[in-house]
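Below is one structure, written out as structure tokens, with a few remarks after it.
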Amino acid sequence: MCYILLELCRNEGVLTIADEVMTGFGRTGKYFASDYLDQKADIFCFSKGITGGFMPFGATTCTDEIYNAFLSADKAKTFFHGHSYTANPLACAAALASLELLRDADTLNRIDNISSRHRDFQSKNLNNQYWKNIRVCGTILAMEYAVADQNYFSSVRDKLYTYFIDKGILLRPLGNTLYVLPPYCISNEELDYIYGHILAYPHTH
191 MCYILLELCR
201 NEGVLTIADE
211 VMTGFGRTGK
221 YFASDYLDQK
231 ADIFCFSKGI
241 TGGFMPFGAT
251 TCTDEIYNAF
261 LSADKAKTFF
271 HGHSYTANPL
281 ACAAALASLE
291 LLRDADTLNR
301 IDNISSRHRD
311 FQSKNLNNQY
321 WKNIRVCGTI
331 LAMEYAVADQ
341 NYFSSVRDKL
351 YTYFIDKGIL
361 LRPLGNTLYV
371 LPPYCISNEE
381 LDYIYGHILA
391 YPHTH
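According to the working numbering, the sequence shown is numbered sequentially starting from 191.
If you want it as structure tokens, here you go:
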């Protein structure tokens, strides 16, 4: 579907924007989710992983064609937009350090390991009666808890959050959908701890 939409936009002269705020910097198993596509968007939005989550920071990049459209001595062509904290030195330092770590072979191996462990969990629980639609994309693991109100407004959300936070696990349930997005420095033992409590939850409620 993405290929079709990108091609359609190209043919009609419509600019495309890739939101890589959550998916960027290795989260999906590649540097960017867009790397799974042959064609690329015209504008990219980045945040979160750009600093490893340690500092609020965001960036927007674009093609040379778009950049040059605003590059002129004529002030009428200026892109009049800015932020009070643009180029914050502390956030920039965190971003540079995070990007340096991301390019390290050990970090890439850790990302591959998390993805592999997630897929093992998925394959072992395909027929789980409590956790449905288990899926994996890189370091992202998601699944639905089988309850009557299966939507993002499900009342089970608060129960899930409280259960895991009491176990020292910070997860982000959206309704009955549970997401696991671990930091790349997580150990196998810590992953097993998370998986174990996911499987234990139905038997405690």
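Glycine is no exception: its CB is placed at the ideal position from the N, C-alpha and C atoms. For clarity, every value in this text was computed on a predicted model and none was experimentally measured.
Check                                                                                                                                            : Outcome
Report buried or exposed for R362, applying the criterion of at least 16 other Cβ atoms within 10 angstroms of its Cβ.                           : exposed
Any idea if D261 is buried or exposed, counting beta-carbon neighbours within 10 angstroms, 16 or more meaning buried?                           : Residue 261 is actually Leu in this sequence, not Asp. Exposed: under 16 other Cβ atoms inside 10 Å.
Would you kindly work out how many angstroms separate the C-alpha atoms of R293 and D209, rounded to a whole number?                             : 21 Å
Taking V204 as the reference, give the member of Y226, K230, K220 and E290 with the closest Cα.                                                  : K230
With a Cβ-Cβ cutoff of 9 Å, do Y374 and G216 count as a contact?                                                                                 : yes
Just mark T329 as buried or exposed, buried being the case when its beta carbon has 16 or more other beta carbons within 10 Å.                   : buried
Which residues in the same chain have their Cβ closer than 6 Å to the Cβ of L371, if we skip the five residues on either side of it in sequence? : I330
Start and end of the beta strand (DSSP E) containing D209?                                                                                       : I207 to D209
Are the Cβ atoms of Y320 and Y342 separated by less than 9 Å?                                                                                    : no
Which residues mark the beginning and the end of the beta strand (DSSP E) in which L316 is found?                                                : Per DSSP, L316 belongs to no beta strand (DSSP E) and is neither H nor E.
Between the Cα of D348 and those of M212, H395 and K314, spot the shortest distance and give me the residue it belongs to.                       : H395
Helix, strand or coil for N323? Go by DSSP, reduced to three states.                                                                             : strand
Use the C-beta contact count for T241: other C-beta atoms within 10 angstroms, 16 or more gives buried, fewer gives exposed.                     : buried
Does DSSP put V370 in a helix, a strand or coil?                                                                                                 : strand
Do T213 and L195 have their C-beta atoms within less than 9 Å of each other?                                                                     : no
Give the single residue among S345, I376 and N323 whose Cα lies nearest to the Cα of R300.                                                       : I376
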